[in-house]
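Numbering (this note's numbering), first residue to last: 1 to 224.
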C-alpha cells in the first residue's frame, strides 16, 4: 500500500519572508504582540532534532524553542492593535517585494493549514548517526510547519481510524522506512542531497499498511 492511499500530503506553509513573520514567541511578546496574533510553528529541520513533539497546556510545542508565526489573516489594519501595526510597518521593503507577499491581500496574510499529526522533512543528507536522510516527526502539538516539511493528513475515509494509537503506529512504521525506499520515488543531487516532493512521497510503498483496515486498529480515544 502507498502512503498516498492513506494520507493527503502537502508542503508546509510558505510565508514569503520567514525572518520577518517567524520569531521566538517571547520576542514577539517583548514587542507587545500577544498570542492572539501568533500561531505556534516548528523551527526548521536543522534546528529541530526531535522526532516526537509534545505540547504544553496551551498547545504550544515543548523543547523546540517555542517559535511563533505572526498570523493576522482575515484582519485589516484597523482591526489590529498598535503593537502589531507598528511591527508590520517596520517591515523592510524586501519583505513587501517578496513574490509571495506582494501577491496576497492583505500582504501579511498567511497560508492556512490544519495541524498535521505527522510530518516528514522533505530534503536532507544521510545522517551519520541514523544513516537516514529523511525524518518522520510525530506532532502532538498545535504547531504548524513551514515548507521545509511535508505534512501528512489522514484521508477522510480513515477519520474514524485516526486515533492517537493509530497515528503512533503509522509513525513507527514510517520511521522504519529506509532512505533508499524513499529516494526511489524522489531524487538525489550532487553531494548526497536527497529530496522528496508530496506526490513522490505519496507513491512510496509501505509493507503491512493493508492492516490499517483491520478492527485491531480501531480505538475509542479520538483526536491527535
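C-beta atoms are modelled at their ideal positions from N, C-alpha and C, and glycine is treated no differently.
Same chain, Cβ closer than 6 Å to residue i, neighbours up to 5 away in sequence not counted
i, result
"residue 115", "142"
"residue 52", "138"
"residue 174", "136"
"residue 45", "121, 148"
"residue 204", "3, 182, 185"
"residue 227", "No statement about residue 227 is possible, as the shown extent of the chain runs from 1 to 224 and does not include it."
For residue j and residue i, the rounded distance between their alpha carbons
i, j, result
"residue 108", "residue 19", "13 Å"
"residue 200", "residue 177", "14 Å"
"residue 185", "residue 16", "28 Å"
"residue 67", "residue 40", "6 Å"
"residue 84", "residue 130", "43 Å"
"residue 195", "residue 42", "20 Å"
"residue 187", "residue 132", "14 Å"
DSSP-derived helix/strand/coil call for residue i
i, result
"residue 2", "strand"
"residue 46", "helix"
"residue 122", "coil"
"residue 94", "helix"
"residue 132", "coil"
"residue 178", "coil"
"residue 31", "coil"
"residue 37", "helix"
"residue 88", "helix"
"residue 199", "helix"
"residue 100", "helix"
Rounded Cβ spacing between residue i and residue j (contact assumed at less than 8 Å)
i, j, result
"residue 25", "residue 113", "With 8 Å as the limit, residue 25 and residue 113 do not qualify as a contact, their Cβ atoms being about 19 Å apart."
Beta-carbon contacts of residue i that lie in its chain and below 7 Å, excluding the five residues immediately before and after
i, result
"residue 102", "96"
Query raised in the report: Below 8 Å, can you find three or more Cβ-Cβ pairs linking the segment 20-40 to the segment 62-76?
Result: Between the segment 20-40 and the segment 62-76 there are three or more C-beta pairs closer than 8 Å, enough to call the two in contact.
Query raised in the report: Quick one: any contact between the segment 122-131 and the segment 189-205, if contact means 3 or more CB pairs under 8 Å?
Result: Short answer: they touch.
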